[in-house]
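Visitor:
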Amino acid sequence: VLLCDLDAFYASVEQRDNPEYRGKPLIVGGNPGSRGVVSTCSYEARAFGVRSAMPLATARRLCPGAVFVEPDMAKYQAVSGQFLEVLDRYTPDVEAVSIDEAYLEVRGPEGRGVEVARDLRAQVKRDLGITVSVGIAINKFLAKLAAKMAKPDGLREIDPKDAERFLEPLDVGVLPGIGERTGSKLRAMGIRRVGDLKGMPPSFFKTHFGSRGRAMMEFCRGVDQRELELGSDPKSMSEETTFSRDVADMNTLSSTLLGLAEALGYRLRSSGFMARTVTLKLRTEDFESTSRSKSLRSPTADDMLLYQAARDLLGAGTGTKRVRLTGIQVSNLVSRRDALHQGDLFEDSQASQRQEALLETMDHLRRRFGMQVIRRAGGRPHRR
Ligand SMILES: [Mg+2]
5 VLLCDLDAFY ASVEQRDNPE YRGKPLIVGG NPGSRGVVST CSYEARAFGV RSAMPLATAR
65 RLCPGAVFVE PDMAKYQAVS GQFLEVLDRY TPDVEAVSID EAYLEVRGPE GRGVEVARDL
125 RAQVKRDLGI TVSVGIAINK FLAKLAAKMA KPDGLREIDP KDAERFLEPL DVGVLPGIGE
185 RTGSKLRAMG IRRVGDLKGM PPSFFKTHFG SRGRAMMEFC RGVDQRELEL GSDPKSMSEE
245 TTFSRDVADM NTLSSTLLGL AEALGYRLRS SGFMARTVTL KLRTEDFEST SRSKSLRSPT
305 ADDMLLYQAA RDLLGAGTGT KRVRLTGIQV SNLVSRRDAL HQGDLFEDSQ ASQRQEALLE
365 TMDHLRRRFG MQVIRRAGGR PHRR
């Protein structure tokens with residue numbers, strides 16, 4: 005199991021995009037005069053004792069020279085999506101734990117884990133322009149611990165043979181499920197290290213951890229039975245817009261559909277899927293809803309093909325009624341990988357190769373600068 009954790013994620017993205025922040029203590033969280041807390045801070049700020057979740061005012065007191073910036077969650081989400089795409093290249097068995105952390109299960113001969121970790125760290129650095137630390141071990145708990153020790157910009161493996169001895173002298177707080185409160189309770193009883201806790205009888209675990217007692221006993225020995233939680237494939241994706249004022253003209257409807265198709269195409273490509281069915285959803289001013297569907301000749305993740313299908317379905321529109329809401333749903337999804345294997349795609353023509361290269365470039369820019377940075381002429385920006 006590999007745990008990949010982006011280093012000081014939000015701060016790293018800001019330092020990547022704003023060279024003037026590099027090498028400086030940077031605190032992402034907002035105006036230091038506000039009542040907010042630190043979301044992430046750069047390693048330069050950590051040297052002053054600044055930590056995540058600390059009130060911004062405290063952070064300013066510790067590090068008056070720090071640069072404070074507002075978080076740009078849309079941008080971080082986009083970079084996070086790109087991070088998962090890189091991980092997907094190595095194995096389909098990826099569990100995203102949070103915006104900047106994911107477990108990977110890698111099978112293969114001994115040493116394969118380290119090989120993947122090295123390669124993946126280089127890829128992330130090249131594609132995302134920020135660094136990731138990787139912990140390798142036989143289970144989630146130890147992989148996470150290894151990653152923590154590898155930070156920043158490092159790689160560390162815990163050998164299963166050494167795990168138990170390695171854990172003994174560490175603070176009980178390293179164990180999963182032992183937070184601040186339980187940790188201080190244990191320490192107050194004189195149980196400070198993992199080795200101390202390991203020496204307690206089973207009845208002690210039962211009393212203090214209840215149903216988690218058995219797992220906690222195992223953690224003390226470096227055993228962790230938790231499996232990776234792998235998500236199931238999505239069945240459909242949709243995007244829709246409610247107009248601020250009911251719409252009658254076809255031009256507005258068409259350009260709105262183009263914006264929706266772009267957003268959907270981007271989501272499909274980012275998650276490695278293609279759609280076989282396109283559904284147009286309309287709600288008119290009298291709140292009547294209709295949907296019309298169409299199957300495509302071959303699965304696609306191309307904005308323009310999705311748009312054309314939706315536009316065909318719109319046909320002459322809704323007669324005399326004005327439109328209150330319009331949306332596009334794509335369903336019958338197939339992974340791009342499967343579609344390629346099944347020979348379902350007609351990708352050999354030069355035109356479609358050019359088109360794919362164009363989409364790839366657009367997606368790259370969007371990940372880097374946000375969805376709004378680039379759009380097709382005539383499309384209405386679609387914000388989610
Ligand atoms: Mg992180």
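Per this note's numbering, residue 5 is the first one in the sequence shown, and the count goes up by one each step.
By construction, the Cβ of each residue, glycine as well, lies at the ideal position given by its N, Cα and C atoms.
#1: Pull every residue with its beta-carbon under 7 Å away from any heavy atom of ligand 1, and keep them in chain order.
#2: With distance defined between alpha-carbon atoms, name the residue in G53, N35, A51 and L30 nearest to T44.
#3: Who are the near neighbours of V327 in its chain, counting only those whose CB is closer than 8 Å to its CB and skipping five residues on each side?
#4: Of the choices P59, G276, L362 and K148, whose alpha-carbon is the least far from that of R230?
#5: Can you pull the DSSP bridge partners for M77?
#6: Decide yes or no for the touch test of the segment 46-61 against the segment 19-35: beta carbon pairs closer than 8 Å, at least 3 of them.
#7: List the endpoints of the continuous alpha helix (DSSP H) containing M278.
#8: From S299 to D228, what does the alpha carbon distance come to, in whole angstroms?
#9: Between which two residues does the alpha helix (DSSP H) containing F247 stretch?
#10: For M366, is the classification buried or exposed, using 16 other Cβ atoms within 10 angstroms of its Cβ as the cut-off for buried?
#11: What ranges does the beta strand (DSSP E) occupy inside the segment 23-97, keeping only unbroken runs of at least 3 residues that lie completely in it?
#12: Distance check for L344 and G323, CA to CA, integer angstroms please.
#13: Looking at the unbroken alpha helix (DSSP H) that takes in Q229, where does it start and where does it end?
#14: Of the residues E18, P206 and L124, which one's Cα is nearest the Cα of L7?
#15: DSSP three-state call for R271: helix, strand or coil?
#16: What residues match up with L3 in a beta bridge as DSSP calls it?
#17: Three-state secondary structure (DSSP) at N336?
#18: Could you pull the start and end residues of the beta strand (DSSP E) that R160 belongs to?
#19: Kindly list the residues whose CB is nearer than 7 Å to the CB of V101, restricted to its own chain and excluding five residues on each side of it in sequence; keep chain order.
#20: Where do the ends of the beta strand (DSSP E) carrying L300 lie?
#21: For Y80 and Y14, which I take to be in contact (beta-carbon distance under 8 Å), what is that distance rounded to the nearest angstrom?
#22: Less than 8 Å between the CB atoms is what I'm expecting for G133 and R20, so what's the real figure, rounded?
#23: From K210 to V176, what does the alpha carbon distance come to, in whole angstroms?
#24: If you drop the 5 nearest sequence neighbours on each side, which residues of the same chain put their C-beta closer than 8 Å to that of D11?
#25: Please report the Cβ distance between G331 and L234, rounded to the nearest whole angstrom; I am assuming they are in contact, meaning their Cβ atoms lie under 8 Å.
#26: S339 to G199, Cα distance in whole Å?
#27: Looking only at its own chain, which residues have a Cβ that is under 8 Å from the Cβ of E168, when we skip the five neighbours before and after it?
#28: Note down the Cα distance separating L476 from F170, rounded to an integer number of angstroms.
#29: Would you kindly work out how many angstroms separate the C-alpha atoms of A313 and V282, rounded to a whole number?
#30: Could you check if S207 is buried or exposed, using at least 16 other CB atoms within 10 Å of its CB as the buried criterion?
#31: Quick one: what does DSSP say K179 is sitting in, helix, strand or coil?
#32: Quick check: the Cα distance between N255 and R380, rounded to an integer number of angstroms?
#33: Could you have a look at A141 and say whether DSSP puts it in helix, strand or coil?
#34: With distance defined between alpha-carbon atoms, name the residue in G183, G112, M193 and D104 nearest to V128.
Guide: Per the coordinate set shown:
#1: D9, L10, D11, A12, F13, D104 and E105
#2: For the purposes of this step, residue 44 is taken as residue 40 along the sequence shown, with counting starting at 1. Ranking the options by Cα distance to T44, first place goes to L30.
#3: Against the sequence shown, residue 327 aligns to sequence position 323. Around V327: F247, D250, V251, A252, L257, L286, R287, T288, E289 and G321.
#4: Sequence index remark: in the sequence shown, residue 230 carries index 226 (1-based). Per the C-alpha coordinates, the member of P59, G276, L362 and K148 positioned closest to R230 is K148.
#5: To locate residue 77, count along the sequence shown from 1; it is residue 73. The partner list for M77 (beta bridge, DSSP) is empty, contrary to what the question assumes.
#6: Judged by Cβ distances under 8 Å, the segment 46-61 makes contact with the segment 19-35, as three or more pairs qualify.
#7: In the sequence shown, residue 278 corresponds to position 274, counting from 1. Judged by DSSP secondary structure, M278 falls outside any alpha helix (DSSP H) and instead within the beta strand (DSSP E) spanning F277 to T288.
#8: Here residue 299 is taken as the residue at index 295 of the sequence shown, counted from 1. Here residue 228 is taken as the residue at index 224 of the sequence shown, counted from 1. Whole-angstrom Cα-Cα distance: 46 Å.
#9: Indexing the sequence shown from 1 puts residue 247 at position 243. Looking at the DSSP string, F247 is not in any alpha helix (DSSP H); the run it does join, the beta strand (DSSP E), is S240 to V251.
#10: Stepping through the sequence shown from its first residue, residue 366 is reached at position 362. With 16 or more other Cβ atoms within 10 Å, it is buried.
#11: 30-32 and 71-73
#12: Taking the sequence shown and counting its residues from 1, the one referred to as residue 323 is at position 319. Taking the sequence shown and counting its residues from 1, the one referred to as residue 344 is at position 340. One alpha carbon belongs to G323, the other to L344, and they sit about 41 Å apart.
#13: The residue labelled residue 229 in the question sits at position 225 within the sequence shown. It is not in any alpha helix (DSSP H) - Q229 carries neither H nor E in the DSSP assignment.
#14: To locate residue 7, count along the sequence shown from 1; it is residue 3. Ranking E18, P206 and L124 by Cα distance to L7 puts L124 first.
#15: Your numbering for residue 271 matches position 267 in the sequence shown. If DSSP states are grouped into helix, strand and coil, R271 belongs with the helices.
#16: Any answer about residue 3 is impossible in this case: the structure gives the chain only from 5 up to 388.
#17: Numbered from its first residue, the sequence shown carries residue 336 at position 332. In the structure shown, N336 sits in a strand (DSSP, three-state: E or B).
#18: Against the sequence shown, residue 160 aligns to sequence position 156. L159 to E161 is the span of the beta strand (DSSP E), which, as asked, contains R160.
#19: Start at 1 with the first residue of the sequence shown, and residue 101 comes out as number 97. Y107.
#20: The residue given as residue 300 occupies position 296 in the sequence shown. Counting along the chain, the beta strand (DSSP E) containing L300 begins and ends at S293 to T304.
#21: As a position in the sequence shown, residue 80 is number 76, starting the count at 1. As a position in the sequence shown, residue 14 is number 10, starting the count at 1. Indeed, because the Cβ distance is near 6 Å, the residues count as touching under 8 Å.
#22: The residue given as residue 133 occupies position 129 in the sequence shown. The residue given as residue 20 occupies position 16 in the sequence shown. Going by Cβ atoms, the distance from G133 to R20 rounds to 5 Å, so yes, they are a contact pair.
#23: Within the sequence shown, numbered from 1, the residue matching residue 210 stands at position 206. Within the sequence shown, numbered from 1, the residue matching residue 176 stands at position 172. Taking the straight line joining both Cα atoms gives about 17 Å.
#24: One-based indexing of the sequence shown puts residue 11 at position 7. Y47, I134, T135, V136, S137, K155, P156 and D157, listed in sequence order.
#25: Start at 1 with the first residue of the sequence shown, and residue 331 comes out as number 327. Start at 1 with the first residue of the sequence shown, and residue 234 comes out as number 230. With a Cβ gap of about 29 Å, G331 and L234 do not count as contacting.
#26: The residue given as residue 339 occupies position 335 in the sequence shown. The residue given as residue 199 occupies position 195 in the sequence shown. Rounded to the nearest angstrom, the two C-alpha atoms are 47 Å apart.
#27: Here residue 168 refers to the residue found at position 164 when the sequence shown is read from its first residue. R225 and G226, listed in sequence order.
#28: Outside the displayed span of the chain (5 to 388) sits residue 476, for which this structure offers no information.
#29: Indexing the sequence shown from 1 puts residue 313 at position 309. Indexing the sequence shown from 1 puts residue 282 at position 278. Distance between the alpha carbons of A313 and V282 is about 7 Å.
#30: Numbered from its first residue, the sequence shown carries residue 207 at position 203. S207 comes out exposed.
#31: Mapped onto the sequence shown, residue 179 falls at position 175. Checking the displayed sequence, the identity of residue 179 turns out to be Leu instead of Lys. It is coil, neither helix nor strand.
#32: As a working mapping, residue 255 is identified with position 251 in the sequence shown. As a working mapping, residue 380 is identified with position 376 in the sequence shown. So the two alpha carbons sit approximately 15 Å from each other.
#33: By 1-based counting over the sequence shown, the position of residue 141 is 137. In the three-state DSSP reduction, A141 falls in the coil class, being neither helix nor strand.
#34: As a first step, residue 128 must be located in the sequence shown, where it is residue number 124. Looking at the Cα atoms, D104 is the closest of the given residues.
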